[in-house]
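What follows is a single structure, written as structure tokens, with notes after it.
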Amino acid sequence: MLPFLAQGHLIRFLALANQMARRFAFTITIATTPLNVRHLQATTATQPCPRIHFAALPFNSADHGLPPETENTDSLPHHLIVDLCHASTSLEPPFRALIRDIGASPRGEWRAASVERM
6 MLPFLAQGHL
16 IRFLALANQM
26 ARRFAFTITI
36 ATTPLNVRHL
46 QATTATQPCP
56 RIHFAALPFN
66 SADHGLPPET
76 ENTDSLPHHL
86 IVDLCHASTS
96 LEPPFRALIR
106 DIGASPRGEW
116 RAASVERM
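Last residue of the sequence shown? That's 123 in the numbering used here, and every number before it is there in order.
Now the structure itself:
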């Protein structure tokens, strides 16, 4: 799962991942920026789900002209949200690499080819 970089999206994706992991016994990976991963891990610390994994995709907001350590819309002034959206495209290469790695893992039961660029 690759949620939009907004707190409301991150929390909703985590809730969906929990439901899917429990109902269908899926293993879910939520990919996002390092600070967002830390927040999600802290959120799940009291009730961890062993079927939910987090993958931190490299992201440095300052590389994109954003204030340091701003990795979601909650930590940005409104006029910079569009800049964060543009910066989020830099997550595509590491996300594609993650999909390849998951698809190539010995336990991977699906093919990375099923995820195509739209």
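Ideal Cβ placement from N, Cα and C applies to all residues, glycine included. Nothing here was measured: the structure is a model prediction, and the numbers come from that model.
| Query | Result |
| --- | --- |
| Inter-residue spacing [alpha-carbon to alpha-carbon] between Glu107 and Phe9 | Going by the sequence as given, residue 107 is Ile instead of Glu. When rounded, the distance between both Cα atoms is 21 Å. |
| Boundaries of the alpha helix (DSSP H) in which Ala47 is found, first to last residue | 39-49 |
| is_contact[Ala20, chain C] using C-beta, thresh 8 Å | In summary, chain C is missing from the structure at hand, where a single protein chain is found. |
| Residues of its chain near Ala20, where Cβ-Cβ distance is below 7 Å and the 5 sequence neighbours each way are ignored | none |
| Phe29 burial status per 10 Å Cβ neighbour count (16 or more: buried) | exposed |
| Beta-carbon gap between Thr78 and Ala61 smaller than 8 Å | no |
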